[in-house]
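Note that the working numbering gives residue 91 to position 91 of the sequence shown, counting from 1, and the numbers run on in steps of one.
Heads up: the structure comes next, in structure tokens.
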Amino acid sequence: MVSDISELRQDFPVLERRVGDEPLTYLDNAATTQTPTQVYEVYEEFYEGYNANVHRGIHALSHEASIAYEEAHDRLAEFVGASGGREEMVFTKNTTEGINIVAYGLRDQLGPGDEIVLTEMEHHASLVTWQQVAERTGAEVRYVRVDDDGRLDVEHAKELIGPDTAVVSVAHVSNVLGTVNPVETLAELAHDAGAYVLVDGAQSAPTRPVDVEAIDADFFAFSGHKMAGPTGIGGLYGKRHLLEELDPFCFGGEMISHVTFDDAKWNELPWKFEAGTPPIASGIALAAAADYLDEIGMERVREHEDELAQYALERLEARDDVETYGPPPGVERTGLVSFNVEGVHGHDLSSLLNDRGIAVRAGDHCTQPLHDVLDLPGSVRASFYVYNTTEEVDRLLDALDGGPGHDGVAEQVEEYLASDRYHDRIYEHHRNPHNEGGLDDPTLRKHSEETTCGDEGEFHVDVADGTIERIAFESQSCAVSRAVASILSEYLEGRTLEEAASLDGEVAAMLEGTFPDLRRDCVVGPEEVISEAAREYLDGERAAVAGDD
Ligand code: PLP
């Protein structure tokens with residue numbers, strides 16, 4: 001465990017802030033970590049001292065900026081264990097861009113009959129990107145199963161990875177389950193099959209020592225904002241000879257060495273992948289983040305992550321009303337635990353926790369297919385970093401326990417919804433929803449899934465002569481969204497489909513803005529769903545009439 005945490009926390013002034021009347025307990029680090037002063041001071045030094053464009057100018061400021069920016073590449077290469085220095089380290093916007101650079105570069109080598117092997121726990125950054133490559137090339141995407149303990153089924157990987165495999169793209173660490181995947185084994189399987197291996201290091205680079213050469217990763221992508229660095233900067237490691245072969249993704253200045261009216265030659269590595277003026281200060285700040293973490297020691301960061309996760313897991317599992325996901329206690333995981341509380345939607349729970357100053361995330365965490373495998377609309381995730389303490393885990397658990405009266409979580413959510421933050425109508429419709437259920441053979445039905453917060457529901461509508469005769473909804477959404485669906489169903493009965501199609505903030509107006517800003521999406525979401533359904537239906541009818549003509 002990181003021993004001198006109270007001293008270390010002083011590097012992060014934001015941790016001193018309050019949310020409302022409560023001290024901030026920041027447990028959303030798998031999304032974005034906080035940034036220490038040592039990192040953001042780089043911006044002041046850069047803009048006060050040597051702000052200039054890189055590579056181009058023969059003047060002192062440009063020279064200094066170029067050296068610092070280029071050396072930052074060497075620093076990040078070293079941070080992930082690449083011995084080739086800057087030539088093997090491309091600066092990107094984030095992990096997503098790194099994966100896209102590789103996918104774009106490899107797409108010409110892929111075609112029908114080729115297979116791209118992913119895992120069921122991939123983040124959309126990888127999953128959607130490779131799906132698109134498959135769609136455009138005729139290759140097929142296959143998924144290595146996740147077992148009941150949230151671990152990768154390596155036997156299944158062995159079955160899937162074979163002579164047809166062209167690419168294996170795998171998350172080093174799952175951002176939902178906390179599982180640490182055996183990437184060395186997967187790389188060996190991939191290489192034996194003659195396939196490339198891309199490791200998504202978004203959750204591993206920040207949380208454990210990474211050695212891309214020991215893993216034998218061909219490519220390794222990561223994000224600065226998850227490792228105490230700034231947003232808008234990340235890295236893509238690639239073996240030098242592979243980066244040389246890869247086509248760049250973006251064209252323009254800086255990425256060329258020679259241009260004629262007819263043609264252009266690409267610049268040397270890594271600049272061939274960094275078209276245009278790069279985020280210079282952010283790149284230099286990313287190197288400062290690597291320095292900061294190495295000063296703590298990545299092995300200590302790894303231990304700290306595991307210890308906090310095990311502690312949180314143990315305390316959460318001790319509750320009868322909580323279900324956790326991912327490897328069982330005792331199996332190493334990164335510093336995060338995803339869970340659900342019985343009978344409480346994650347979005348409602350995270351609102352309640354926010355009220356206590358605790359920042360967690362609820363939804364599908366950009367892993368909708370994994371949540372389908374787990375048969376869950378979403379989960380709540382508490383994720384830790386170097387500055388988090390067991391006391392903060394206790395604060396989360398105490399908040400679940402409730403205040404002095406020790407109310408259960410569901411009771412606390414009730415109380416929260418009944419509070420004067422919400423319009424009485426929301427509470428009324430939450431307690432007594434109107435038109436909940438389904439209609440037999442409705443004229444139109446609209447299913448919706450809100451991927452960010454894990455809301456899911458379906459509207460059923462009976463229409464006669466363009467008028468909504470009956471409307472009903474089924475919902476697995478948060479309390480606010482369900483209450484709004486109820487309010488909306490009451491409002492729309494007897495109105496025309498045209499009126500439904502042009503809904504624009506009616507519910508928010510009815511509620512006179514009496515709901516926290518954080519819940520605006522829950523208020524306008526159902527309205528957007530039903531108005532889209534009405535528009536689609538009307539468009540279909542118009543098209544049918546036009547067809548009859
Ligand atoms: N991969 C994993 C495993 C992640 O957790 C994330 C972000 O949460 C990403 C990829 C995408 O990272 P970014 O949004 O920084 O590109």
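Just so you know, even glycine gets a beta-carbon here, dropped at the ideal spot from N, CA and C.
Predicted model only: the values in this text are computed from it and were never measured.
**Asked** Relative to the ligand PLP, is the shortest distance from any of its heavy atoms to the C-beta of residue 338 smaller than 7 Å?
**Response** no
**Prompt:** Can the beta-carbon of residue 249 be found closer than 8 Å to that of residue 100?
**Reply:** yes
**Request:** Examine the Cβ distances between the region 419-431 and the region 356-363 and report whether three or more of them are shorter than 8 Å.
**Result:** no
**Prompt:** Does the beta carbon of residue 478 fall short of 7 Å from some heavy atom of the ligand PLP?
**Reply:** no
**Message:** Quick check on DSSP: helix, strand or coil for residue 333?
**Reply:** strand
**Asked** Exposed or buried, which one is residue 601 when buried takes at least 16 other CB atoms within 10 Å?
**Response** The question about residue 601 has no answer, for the chain in this structure spans 1 to 549.
**Asked** What's the gap between the Cα of residue 225 and the Cα of residue 234?
**Response** 8 Å
**Asked** Got a list of residues with beta-carbon closer than 5 Å to any non-hydrogen atom of the ligand PLP, in chain order?
**Response** 94, 95, 96, 123, 125, 171, 175, 200, 202, 203 and 223
**Prompt:** residue 232 and residue 282: beta carbons closer than 8 Å?
**Reply:** yes
**Message:** Does the structure place the region 291-299 close enough to the region 124-132 that three or more beta carbon pairs sit under 8 Å?
**Reply:** no
**Prompt:** Cβ atoms of residue 429 and residue 486: under 8 Å apart, would you say?
**Reply:** yes
**Prompt:** For the candidate residues 497, 7 and 154, whose alpha-carbon lies nearest to that of residue 465?
**Reply:** 497
**Prompt:** Which runs of the alpha helix (DSSP H), 4 residues or longer, sit entirely within the region 414-487?
**Reply:** 424-431
**Request:** Could you check the C-alpha separation between residue 69 and residue 11 for me, to the nearest Å?
**Result:** 24 Å
**Request:** For my contact list, residue 384 and residue 309 are in at a C-beta cut-off of 8 Å; report their separation, rounded to the angstrom.
**Result:** 7 Å
**Request:** Could you tell me the distance, in whole angstroms, from the CA atom of residue 54 to the CA atom of residue 399?
**Result:** 50 Å
**Message:** Could you check whether the Cβ of residue 172 sits closer than 7 Å to any heavy atom belonging to the ligand SAH?
**Reply:** Absence of the ligand SAH is noted for the structure shown, with the ligand PLP being the only ligands found.
**residue 208 to residue 302 span [Cα, whole Å]** = 5 Å
**Item:** Start-to-end residues for the alpha helix (DSSP H) that takes in residue 200
**Value:** Note, residue 200: premise wrong, no alpha helix (DSSP H); beta strand (DSSP E) at 196-200.
**Prompt:** With respect to the alpha helix (DSSP H) encompassing residue 367, which residues constitute its N-terminal and C-terminal limits?
**Reply:** That residue, residue 367, is in no alpha helix (DSSP H); it is neither H nor E in DSSP.
**Request:** Could you name each continuous alpha helix (DSSP H) segment of 4 residues or more that falls completely within the region 497-546, going from the start of the chain to the end?
**Result:** 497-501 and 506-510
**Request:** Examine the Cβ distances between the region 107-114 and the region 161-170 and report whether three or more of them are shorter than 8 Å.
**Result:** yes
**Asked** Between the C-alpha atoms of residue 52 and residue 97, what's the straight-line distance to the nearest angstrom?
**Response** 25 Å
**Request:** Taking only runs that begin and end inside the region 274-344, name each unbroken alpha helix (DSSP H) of 4 or more residues, in chain order.
**Result:** 280-296 and 298-317
**Asked** For residue 120, does the three-state DSSP call read helix, strand or coil?
**Response** coil
**Message:** What would DSSP say about residue 189, mapped onto helix, strand or coil?
**Reply:** helix
**CA nearest to the CA of residue 197, picked from 330, 373 and 161** = 161
**Request:** Could you check which residue in 459, 218, 183 and 180 has the C-alpha nearest to that of residue 195?
**Result:** 218
**Message:** Quick check on residue 158: buried or exposed, where buried means 16 or more other Cβ atoms within 10 Å of its Cβ?
**Reply:** exposed
**Message:** Let me make sure I understand the geometry here. Which of 334, 252 and 280 has the alpha-carbon closest to that of residue 272?
**Reply:** 252
**Request:** Give me the Cα-Cα distance between residue 46 and residue 280, rounded to the nearest whole angstrom.
**Result:** 9 Å
**Asked** Are the CB atoms of residue 472 and residue 527 nearer to each other than 8 Å?
**Response** no
**Item:** Cβ-Cβ distance between residue 103 and residue 129 below 8 Å
**Value:** yes
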